[in-house]
Amino acid sequence: MAINKVVANVKEATKGIEDGMTLMLGGFGLCGIPENCISEMVKMNVKDLTCISNNAGVDDFGLGLLLHQKQIKKMISSYVGENDEFERQMLSGELEVDLIPQGSLAERCRAGGAGIPAFYTPAGYGTEVAEGKEVREFNGKPHILESALSADFAIVKAWKGDTAGNLVFKAAARNFNPMMAMAGKITIAEVEELVPEGTLDPNTVHTPGIFVQRIFQGTGYEKRIEQRTVRQRE
Amino acid sequence: MLDKVGIAKRISQELRDGWYVNLGIGIPTLVANFVPEDITVEFQSENGILGMGPFPFDGEEDADLINAGKQTVTLQPGASVFDSATSFAMIRGQHVQLTVLGAMEVSENGDIANWKIPGKMVKGMGGAMDLVASAENIIVAMMHTNKKGESKLLPSCSLPLTGVACVTRVITNLAALEIRDGAFHLLERAPGVSVEEIRAATAGKLVVEGDIPEMQLD
């Protein structure tokens with residue numbers, strides 16, 4: 001029998017998240033975001049959070065909900081283009097923002113979970129991103145030193161999960177979730193479908209249960225689409 | 235002069251059989267509509283898709299299946315999906331042969347600026363810095379001048395950079411240009427556009443050698 005990671009609900013899952021903590025939140029745009037935990041944190045009204053997430057949601061959904069309540073002190077992201085409130089808070093100086101290249105963000109999370117303190121990447125060389133960072137040439141090409149990221153809590157969303165904390169993601173909703181799951185001191189996974197251990201085919205597990213401390217069955221997923229684009233049948 | 239669709243059509247002529255290609259947001263996304271019939275390319279979307287297909291039919295949208303511009307898309311037969319670290323391993327590791335992206339400014343030595351106007355606008359770099367730092371072929375798709383009529387092809391960029399000495403080609407509404415040896419080399423003129431018009435709209439060093447052909451589209 002595997003170690004049981006199941007908690008009763010979102011309230012149990014988010015226990016211990018406090019003011020001033022650093023959180024990682026999975027998702028790309030509104031795709032694959034932990035909707036249940038974000039809603040719960042709005043209710044908890046935890047403040048002064050540092051949030052590591054590729055985007056900051058939109059004005060009225062995802063992390064945008066926490067921004068509106070001024071719960072976030074600092075964002076570490078790669079792209080904020082679709083969120084007016086984010087842009088306003090950043091330009092006015094209310095919100096501290098560290099913008100970093102998307103691939104560096106992903107790798108910094110992965111490194112944080114994998115016991116690699118820093119790595120060299122060509123991304124950002126010669127730009128603002130490189131300011132204050134060590135530059136070193138490899139094979140005649142300059143690279144900058146990027147450090148690992150970790151978090152008090154990593155909060156991820158999966159399609160399916162089992163009681164042992166094993167996770168399976170769907171399509172492009174995987175994005176940052178697996179790396180962030182690795183990098184949390186405590187990792188919370190909310191899943192659309194929680195199944196008993198032994199149900200998932202071990203060959204298809206994306207995130208092994210060792211990286212997950214708490215798992216629960218989420219409810220009422222809205223799964224909002226940011227840009228609905230379709231083609232007409234001919 | 236080309237419109238956005240025209241720019242995308244001209245860029246589609248740069249595609250080569252067997253290439254993996256990353257298309258940025260805006261005009262670059264349109265390139266997928268004009269892949270020549272006799273070649274096979276696969277589109278990579280940096281949020282975690284290889285083998286990205288067209289937009290879904292009405293009613294078949296899947297919130298879990300979007301491209302890097304957050305638009306609903308589909309998967310082609312033979313597609314795969316993966317996490318962001320794997321996706322940028324493909325990009326940084328030079329497994330993607332071509333990147334097409336938009337820009338606010340490009341300089342004559344191949345610098346690109348496309349993520350920030352200090353004090354006014356900050357979208358963030360997204361995956362652009364990783365893409366331009368690594369891809370062998372980087373094509374910029376953009377209008378030749380900005381809304382004020384000022385050239386976007388400059389001696390040096392005035393906006394914060396996205397990458398240095400990386401852009402290999404620029405396709406605009408006026409021209410197709412190659413960047414090498416610290417200059418824009420004029421390859422082709424857009425239909426109905428003269429060399430003089432291109433010269434007037436290009437602030438950076440422009441090299442014009444011999445007769446410059448007009449683009450052949452369609």
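Protein chains in written order, with the working numbering: chain A, 1 to 234; chain B, 235 to 452. Virtual Cβ for every residue (Gly too), placed ideally from N, Cα, C.
- With respect to chain A, the C-beta atom of B/Glu294 has a partner C-beta closer than 9 Å.
- Exposed is the label assigned to B/Ile351, since fewer than 16 other Cβ atoms lie within 10 Å of its Cβ.
- Nearest CB-CB separation between A/Arg224 and chain B: below the 9 Å threshold.
- For A/Asp152, the enclosing beta strand (DSSP E) starts and ends at 151-162.
- In this structure, the alpha-carbon of B/Thr308 lies about 10 Å from that of A/Val230.
- Among the CB atoms of chain B, one or more fall inside 9 Å of the CB of A/His206.
- Sequence-distant Cβ neighbours of A/Ser78 in its own chain, meaning closer than 7 Å and more than five residues away, are Asn54, Leu99, Ile100, Pro101, Gln102, Leu105.
- Among the CB atoms of chain B, one or more fall inside 9 Å of the CB of A/Cys109.
- Contact between the segment 200-207 of chain A and the segment 65-72 of chain A is absent: fewer than three C-beta pairs spanning the two stretches fall below 8 Å.
- Cβ-Cβ distances below 7 Å link B/Ala347 to Ala337, Met338, Glu339, Cys391, Leu393, Pro394, Leu395, Thr396 in the same chain, with the five nearest sequence neighbours on each side left out; the list follows chain order.
- Among the residues facing chain A, B/Leu395 is included, as its CB has a counterpart in that chain under 9 Å away.
- Cβ neighbours of A/Gly20 within its own chain (closer than 6 Å, five residues either side excluded): Asp48.
- Taking B/Lys243 as reference, the option from B/Gly252, B/Asn256, B/Ile261 with the minimal CA-CA separation is B/Ile261.
- By alpha-carbon distance to B/Leu335, the top candidate from B/Met359, B/Ser385, B/Leu388 is B/Met359.
- If the five residues before and after B/Leu332 are omitted, its C-beta is found closer than 6 Å to the C-beta atoms of Trp253, Val255, Asn371, all from its own chain and listed in chain order.
- Along the segment 259-286 of chain B, the positions whose C-beta sits under 7 Å from a C-beta of chain A are Glu280, Asn281, Gly282, Ile283, read in chain order.
- Taking a C-beta distance under 9 Å as the contact criterion, A/Gly184 and A/Ala158 do not qualify as a contact pair.
- When only Cα atoms are considered, A/Ala189 and A/Glu197 end up about 15 Å apart.
- Judged by DSSP secondary structure, B/Ile261 falls within the alpha helix (DSSP H) whose first and last residues are 261-264.
- Of all residues in the segment 173-185 of chain A, only Ala173, Arg174, Asn175, Phe176, Asn177, Pro178, Met179 come within less than 8 Å of chain B when Cβ atoms are compared, listed by chain position.
- Within chain B, no residue has its beta carbon less than 7 Å from that of A/Gln89; the closest one is some 11 Å off.
- Cβ contact annotation for A/Gly62 (same chain, cutoff 6 Å, sequence separation greater than five): Leu30, Ile33, in chain order.
- Contact of A/Gln227 with chain B by beta-carbon distance below 8 Å involves Ile300, Gly303, Lys304, Gln305, Thr306.
- Around the beta carbon of B/Glu280, a 10 Å sphere encloses 16 or more other beta carbons of the protein chains shown; the residue is thus reported as buried.
- The Cβ neighbour count for B/Asn380, taken over all protein chains shown within 10 Å, is under 16; the residue is labelled exposed.
- In this structure the segment 313-326 of chain B does not lie against the segment 382-390 of chain B, because fewer than three pairs of beta carbons, one per stretch, are closer than 8 Å.
- Within the same chain, Cβ atoms closer than 8 Å to the Cβ of B/Gln310 are found at Glu276, Gly285, Met286, Gly287, the five residues on either side in sequence being excluded.
- Distance from the CA of B/Lys354 to the CA of A/Glu96, rounded to the nearest whole angstrom, comes to 16 Å.
- Residue state for A/Gln102 is assigned as helix, using DSSP reduced to three classes.
- A Cβ-Cβ contact shorter than 9 Å links B/Met363 with A/Thr127.
- The segment 293-302 of chain B makes no contact with the segment 320-328 of chain B: fewer than 3 CB pairs, one atom from each, lie closer than 8 Å.
- In the DSSP assignment, A/Gly64 falls outside any beta strand (DSSP E) and within the unbroken alpha helix (DSSP H) covering 64-68.
- Along the segment 70-126 of chain A, the beta strand (DSSP E) occurs as fully enclosed runs of 3 or more residues at 72-77, 96-99, 118-121, listed in sequence order.
- Taking the Cα of B/Lys238 as reference, the smallest distance to any Cα among B/Glu248, B/Thr263, B/Ser321, B/Asp251 is reached at B/Thr263.
- Not a single CB atom of chain A sits nearer than 9 Å to the CB of B/Ile413.
- The Cβ of B/Ala297 sits closer than 9 Å to at least one Cβ of chain A.
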